[in-house]
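Notes follow once the structure below has been shown.
Protein chains: 4
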Amino acid sequence: MANSKYEYVRTFEQSDILLPNTWIVVRIDGRGFHKLSDRYAFEKPNDRRALDLMNVAAVEVLKDLPDLAIAYGVSDEYSFIFHPSCELFERRSAKLVTTIVSTFTAHYVYQWSNYFPDTPLQSPYLPSFDGRAVVYPTTRNLRDYMSWRQVDCHINNLYNTTFWNMVLKGGMSNTDAERELQGTVSSDKNEILFKRFGINYNNEENIYKKGSVVFRQYQLEETKAESVSKTSQDLGEEETAAPENVSKSQQEKIRKLRRKAQVVVEHVDITKDDFWEQRPWILSGKPGKLPAEV
Amino acid sequence: MANSKYEYVRTFEQSDILLPNTWIVVRIDGRGFHKLSDRYAFEKPNDRRALDLMNVAAVEVLKDLPDLAIAYGVSDEYSFIFHPSCELFERRSAKLVTTIVSTFTAHYVYQWSNYFPDTPLQSPYLPSFDGRAVVYPTTRNLRDYMSWRQVDCHINNLYNTTFWNMVLKGGMSNTDAERELQGTVSSDKNEILFKRFGINYNNEENIYKKGSVVFRQYQLEETKAESVSKTSQDLGEEETAAPENVSKSQQEKIRKLRRKAQVVVEHVDITKDDFWEQRPWILSGKPGKLPAEV
Amino acid sequence: MANSKYEYVRTFEQSDILLPNTWIVVRIDGRGFHKLSDRYAFEKPNDRRALDLMNVAAVEVLKDLPDLAIAYGVSDEYSFIFHPSCELFERRSAKLVTTIVSTFTAHYVYQWSNYFPDTPLQSPYLPSFDGRAVVYPTTRNLRDYMSWRQVDCHINNLYNTTFWNMVLKGGMSNTDAERELQGTVSSDKNEILFKRFGINYNNEENIYKKGSVVFRQYQLEETKAESVSKTSQDLGEEETAAPENVSKSQQEKIRKLRRKAQVVVEHVDITKDDFWEQRPWILSGKPGKLPAEV
Amino acid sequence: MANSKYEYVRTFEQSDILLPNTWIVVRIDGRGFHKLSDRYAFEKPNDRRALDLMNVAAVEVLKDLPDLAIAYGVSDEYSFIFHPSCELFERRSAKLVTTIVSTFTAHYVYQWSNYFPDTPLQSPYLPSFDGRAVVYPTTRNLRDYMSWRQVDCHINNLYNTTFWNMVLKGGMSNTDAERELQGTVSSDKNEILFKRFGINYNNEENIYKKGSVVFRQYQLEETKAESVSKTSQDLGEEETAAPENVSKSQQEKIRKLRRKAQVVVEHVDITKDDFWEQRPWILSGKPGKLPAEV
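Chains as they are written, first to last, in UniProt numbering: chain A, 1 to 294; chain B, 1 to 294; chain C, 1 to 294; chain D, 1 to 294.
Next comes the structure, spelled out in structure tokens:
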């Protein structure tokens with residue numbers, strides 16, 4: 001029995017293939033996490049358990065999708081990056097985004113009880129995430145995107161740390177704290193923290209100040225002085241090979257190499273050149289050397 | 001501290017707003033469910049627990065998103081339908097698709113242990129789903145889409161029921177069964193089932209033959225003979241009001257009314273007019289009458 | 001000699017196929033026609049030669065593309081409409097839009113000297129047009145689009161007629177006339193025209209008040225009272241046949257029938273039902289009866 | 001009088017903004033030029049008048065749109081290139097493509113009689129062009145696109161030159177010539193030309209062998225040996241400044257500078273580095289030095 005009478009409806013699907021040879025950024029965000037964090041009593045200004053849960057889910061996504069080059073997470077959002085040479089799912093936008101969103105959600109829900117043993121999830125109040133894909137033509141644009149998110153992390157964390165200290169330790173109302181912070185600059189907030197609460201913001205934990213960077217670990221490259229300036233200058237440089245030049249079997253081989261690498265989470269500065277120069281495999285898309293076994 | 005130096009990267013996001021006044025179909029599919037069903041020992045040809053789990057997740061999605069008009073599920077796929085008047089998330093495609101995929105995944109993982117108490121999920125082998133949005137301009141196109149999926153359900157289920165009986169009860173190898181079924185039509189399969197295994201396909205359960213239809217329950221309308229032909233003839237007719245004619249507050253009011261209705265799962269024929277005429281609220285987008293309380 | 005080394009660049013072309021079963025509107029606009037009308041001394045408020053030139057170019061476009069159902073022009077803009085069943089150029093947006101823009105431009109430039117014999121075109125000050133495609137899901141949406149343009153025509157023409165009479169006959173400066181008209185409604189402008197210049201706006205030529213409607217001429221259908229209300233009510237009704245149902249050879253046959261019909265220009269009301277009921281071939285996409293030969 | 005009742009139809013227009021920081025290629029092609037060249041008796045294999053007419057139209061397009069960096073033409077097609085920093089028409093695809101197609105068509109029709117004084121255009125057989133936009137993320141991709149078109153020019157011209165000599169001078173039928181050429185490589189065709197017709201393909205005119213390159217002329221830069229290799233190596237390097245960094249007034253200033261430069265047509269090799277190194281303003285997007293006035 002054929003299904004031909006109705007099958008014409010398939011022609012209504014429209015192509016959503018992302019431009020070749022561009023960086024693909026899939027950013028996901030918690031849906032209604034303000035309410036969710038109230039319901040499950042997340043700690044303020046940062047709940048370490050919630051961040052660790054985000055990170056473990058992100059690590060699983062990177063393990064599941066060897067095509068991913070790097071990811072960056074802060075608060076209830078995570079950005080996952082595919083290299084310009086990525087051909088996964090023929091670069092179909094919806095397929096890439098939903099695969100990441102769904103895999104992330106599955107691990108987040110599955111691992112919840114390991115991180116919040118005392119506050120089990122209660123249906124229908126389950127965590128969920130939305131997402132979108134954006135493409136960037138050059139490495140400079142990609143690095144600026146990453147810097148944008150990390151600078152945002154810093155701005156928000158300094159604000160939140162100050163705000164919640166004023167409220168929780170200083171006994172101020174939310175409204176009063178908000179009003180006092182309006183129009184302040186970074187140094188003002190640093191001063192409030194130090195003078196009123198004896199807190200040196202620089203000593204706060206890096207996971208809060210820098211967010212979380214997730215990537216495959218290979219042997220670090222040494223950074224030479226001259227290479228720094230060179231890289232800095234050539235940042236726009238792209239992998240110029242035509243997409244066709246990497247065969248399907250080569251791609252599969254690269255995927256296997258990537259699966260062997262350990263996926264790690266670090267809380268480091270990614271706005272500077274150092275991070276990228278020491279880990280050239282992230283921007284090059286070519287697997288590095290596995291750490292020597294002893 | 002401003003973030004202006006990097007903020008330009010936001011301009012790279014491209015609009016993905018779906019055409020107004022069209023039906024939005026979001027179809028999600030299990031990723032690698034062939035492997036998954038092996039790992040967790042799903043029963044063949046149909047695993048009732050797995051279908052019930054799909055359905056409970058779909059019901060939660062409809063409860064969470066009152067804008068949804070109806071959903072249809074078969075095997076490891078589900079189609080969720082928004083009415084042409086839907087303005088949720090400004091009709092942004094990625095936002096609509098990822099919200100559904102993520103909410104569905106969360107409930108599927110969360111409820112797993114209720115349906116598979118003896119085969120708990122094991123990381124990293126977690127279920128996940130991908131998805132995409134397609135829009136349809138007319139009610140005829142939408143109904144043809146729904147019929148396409150239900151006819152597909154029937155074709156696949158008849159095949160699978162025959163195949164697995166030949167293998168499991170008939171002791172044939174997969175290859176032999178496949179070869180014998182090649183080129184057969186429905187009546188051939190019905191005969192195999194009946195003659196060899198004493199199975200009358202018509203007596204199989206509707207959940208397997210018809211799939212699952214999920215919608216809000218209001219009082220059914222009576223179907224009159226004349227109305228049948230009329231509806232049949234006017235099927236292309238659309239809600240012609242301009243999108244602006246429904247104010248935001250009216251939309252919110254409609255959402256509240258919808259939340260009051262019970263979300264039900266039925267296993268019925270949706271290729272004929274009857275289903276749609278008795279439940280005019282699905283195609284009209286206007287809430288029906290709640291069942292009278294006794 | 002192969003070209004394979006560079007041919008990969010073709011993969012960067014992205015699909016721009018318009019949604020099936022929707023009305024396609026291609027609207028073109030004169031580029032910088034304010035300057036152009038000054039340079040070639042167009043008459044104010046309307047230059048009949050310029051409008052006739054627009055119309056002759058539009059007629060040639062309809063003759064060249066039998067897939068076009070109707071067109072509507074006002075001032076230096078023209079809207080060309082393809083029926084939902086149109087499969088021309090596989091419905092590729094750029095191909096449809098550029099073909100219309102280029103064909104229109106070619107005839108406009110070619111015919112210029114017939115309409116402006118005393119003011120020949122001077123390079124590089126040549127007329128040109130830009131364009132875009134928009135799709136509409138229902139006939140109601142399409143007719144509202146057409147009404148939008150015709151109501152716009154009326155609003156602008158009443159304003160311009162009043163303004164230029166105040167300036168050219170009334171001796172006012174542009175600024176003074178503009179200031180006086182600010183905030184006026186239709187009846188105010190009608191009164192200014194009548195009291196100061198003895199002009200009854202209703203007696204102005206229809207080409208200025210109604211714009212120009214271009215379509216293929218067949219035998220008009222009689223409009224019955226009941227049919228009026230019916231059509232009015234069923235306006236959202238679509239051609240519901242699947243695109244596949246019309247074969248390529250049938251399409252070619254329809255094209256030939258259409259080429260036989262005369263393309264006419266009329267200046268009539270298209271906001272009411274009458275126009276569309278008398279010419280059912282426009283919305284149905286099926287050629288009417290050719291006028292009886294005597 | 002307001003137009004609000006119908007104005008909602010504007011919301012159906014969908015965004016078509018091209019990805020920022022990418023090269024925009026608008027390629028236009030003659031519609032049905034095979035027939036057209038027969039009707040107006042174009043010479044075979046190349047009609048110098050037709051190519052000169054294409055080129056003069058392209059030059060006018062570059063003069064009209066200072067944002068254009070370069071154009072390349074062969075046969076009845078032309079590619080126009082905008083720099084990644086281009087913000088013209090907010091990078092709306094349809095607007096960019098139709099403006100180029102229409103301006104090109106206007107000049108082509110207007111200038112026809114200067115190049116074909118003995119075969120005037122006859123309505124409705126007017127030349128027209130279709131077009132499309134494609135974006136390329138890196139300079140390497142852009143240069144590969146340009147090389148693709150120029151290599152195609154060479155392949156086609158060698159074939160056509162051989163074919164038409166076999167037919168016109170050799171007295172062969174089209175079918176016989178086609179059959180003999182099937183499967184031949186370049187050297188075969190060179191030999192046929194030389195042995196049978198005494199033609200050294202290398203001595204053919206460059207306009208036929210290389211196509212036409214159109215750009216703004218500034219003082220050429222000297223090419224140093226080391227710079228050659230450097231450029232070659234850094235080809236993927238992009239203009240990395242954020243789009244915002246160039247203000248609107250700066251853009252206008254750059255446009256004025258560009259208008260002062262002469263637009264020239266050359267028939268040179270653009271697949272090698274030399275062309276691009278000597279004219280760095282094309283890839284940099286920054287105007288060069290105007291030739292010293294004597």
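C-beta: ideal position from N, C-alpha, C; glycine also.
1) Quick check on the DSSP output: the beta strand (DSSP E) that includes Ala71/C runs from which residue to which?
2) Give a yes or no on contact between the stretch 22-40 of chain C and the stretch 186-199 of chain C, applying the rule of three or more CB pairs nearer than 8 Å.
3) So which of Gly288/A, Leu220/A and Arg259/A has the shortest CA-CA distance to Phe275/A?
4) Applying the 10 Å Cβ sphere with the 16-neighbour rule, what's the burial state of Thr162/C?
5) Which chain F residues are close to Val135/A, counting only those with a beta carbon under 8 Å from its beta carbon?
6) For Glu87/C, does the three-state DSSP call read helix, strand or coil?
7) Determine, using beta carbons only, whether Thr271/C comes closer than 8 Å to chain B.
8) Check the Cβ of Arg255/A against every Cβ in chain B and list those closer than 8 Å, keeping chain order.
9) For Phe197/A, report the span of its alpha helix (DSSP H) as first-last.
10) Consult DSSP for Phe215/D and reduce its assignment to one of helix, strand or coil.
11) Leaving out five residues on either side along the sequence, give the residues of the same chain with a beta carbon under 6 Å from the beta carbon of Trp23/B.
12) So with CB distances below 8 Å, who are the chain B contacts of Gln14/D?
13) Could you pull the start and end residues of the alpha helix (DSSP H) that Val109/A belongs to?
14) Output, in chain order, the set of chain A residues within a Cβ distance shorter than 7 Å of Thr22/D.
15) Note down, in chain order, each residue of its chain lying with its Cβ closer than 7 Å to the Cβ of Ala106/B, except the 5 sequence neighbours on either side.
16) Can you list, in chain order, the residues of the stretch 78-99 of chain D whose Cβ is nearer than 7 Å to any Cβ on chain C?
17) For Phe115/B, which option in Asp269/B, Ser15/B, Pro124/B and Val56/B has the closest C-alpha, if you only look at C-alpha atoms?
18) Compare the beta carbon distance of Val30/D and Pro127/D with 8 Å and say whether it is the shorter of the two.
19) By how many angstroms is the C-alpha of Leu62/D removed from the C-alpha of Arg255/D?
20) Taking contact to mean at least 3 C-beta pairs separated by less than 8 Å, is the stretch 153-173 of chain A in contact with the stretch 44-59 of chain D?
21) Checking the sheet assignment: what are the DSSP bridge partners for Ser79/B?
22) Could you tell me the boundaries of the beta strand (DSSP E) in which Tyr136/B lies?
23) Just how far apart, CA to CA, sit Glu180/D and Lys44/D?
24) Could you tell me the boundaries of the alpha helix (DSSP H) in which Glu13/B lies?
25) Does the beta-carbon distance from Val25/A to Val134/A come in below 8 Å?
26) How would you write the range of the beta strand (DSSP E) that Glu204/D sits in, first residue to last?
27) Using beta-carbon positions only, say whether Phe104/B and Ile28/B come within less than 8 Å of one another.
28) Find the residues of chain A that neighbour Trp148/B, judging by a C-beta separation of less than 9 Å, and give them in chain order.
29) Excluding sequence positions up to five away, which residues of its chain have a Cβ less than 8 Å from the Cβ of Lys95/C?
30) When you compare only the Cα positions, how much space is there between Ile192/D and Glu87/D?
31) Within 8 Å (strictly less), CB to CB, does Asn46/C reach chain B?
32) Measure from the alpha carbon of His267/A to the alpha carbon of each residue in Tyr6/A, Val74/A, Phe12/A and Gln14/A, then state which is nearest.
33) Which class does Ser284/B belong to by DSSP, given the choice of helix, strand or coil?
34) Strictly below 7 Å CB to CB, what residues from chain C border Lys286/D?
35) Thr103/D versus chain C: which residues are under 7 Å apart at the beta carbon?
36) For chain B, find out if any of its Cβ atoms is closer than 8 Å to the Cβ of Gly131/A; answer yes or no.
Reading from the atomic positions:
1) From DSSP, the beta strand (DSSP E) with Ala71/C extends over Leu68 to Val74.
2) No, the stretch 22-40 of chain C does not touch the stretch 186-199 of chain C.
3) Nearest option by C-alpha distance: Leu220/A.
4) Burial call: buried.
5) Protein chains in the displayed structure are A, B, C and D, and chain F is not among them.
6) Assigned with DSSP and collapsed to three states, Glu87/C falls in coil, not helix or strand.
7) Thr271/C does not count as touching chain B.
8) Per Cβ cutoff of 8 Å: no residues; Arg255/A is ~15 Å from chain B at best.
9) Ser186 to Phe197 is the extent of the alpha helix (DSSP H) around Phe197/A.
10) It is a strand residue.
11) Closer than 6 Å at Cβ, skipping near neighbours: Pro84, Tyr136 and Leu142.
12) Ordered by position in chain B, the residues that pass the 8 Å Cβ test against Gln14/D are Ser15, Ile17 and Leu19.
13) Here the alpha helix (DSSP H) through Val109/A covers Ser93 to Tyr115.
14) For Thr22/D, the residues of chain A that pass the 7 Å Cβ criterion are Pro137, in the order they occur in the chain.
15) There are no such residues.
16) Residues Ala94, Lys95, Val97, Thr98 and Thr99.
17) Checking the sequence shown, residue 115/B turns out to be Tyr, not Phe. Checking every option, the nearest Cα to that of Tyr115/B belongs to Val56/B.
18) Here residue 30/D is Gly; the residue named in the question, Val, does not match the sequence. A contact, by the Cβ cut-off of 8 Å.
19) Straight through space, the alpha carbons of Leu62/D and Arg255/D are spaced by roughly 12 Å.
20) Contact between the stretch 153-173 of chain A and the stretch 44-59 of chain D is absent, because fewer than three Cβ pairs lie under 8 Å.
21) Paired residues: Arg27/B and Tyr72/B.
22) For Tyr136/B, the enclosing beta strand (DSSP E) covers residues Phe129 to Tyr136.
23) Their Cα atoms are separated by approximately 19 Å.
24) From DSSP, Glu13/B is part of no alpha helix (DSSP H); its letter is neither H nor E.
25) For Val25/A and Val134/A, yes; Cβs fall inside 8 Å.
26) Glu204/D -> no beta strand (DSSP E), and no H or E assigned at all.
27) A contact, by the Cβ cut-off of 8 Å.
28) Here the neighbours are Asn3, Lys5, Tyr6, Glu7, Tyr8, Val9 and Arg10.
29) The answer, listed in chain order, is Phe89.
30) If I take the Cα positions, the gap works out to 50 Å.
31) No, Asn46/C lies away from the interface with chain B (no Cβ there is under 8 Å from its Cβ).
32) Here the closest residue by C-alpha is Val74/A.
33) Under the three-state reduction of DSSP, Ser284/B is assigned to helix.
34) Within 7 Å Cβ-Cβ: nothing; Lys286/D doesn't reach chain C, min ~25 Å.
35) Neighbours of Thr103/D on chain C, chain order: Ser128.
36) Yes, Gly131/A counts as interfacial toward chain B.
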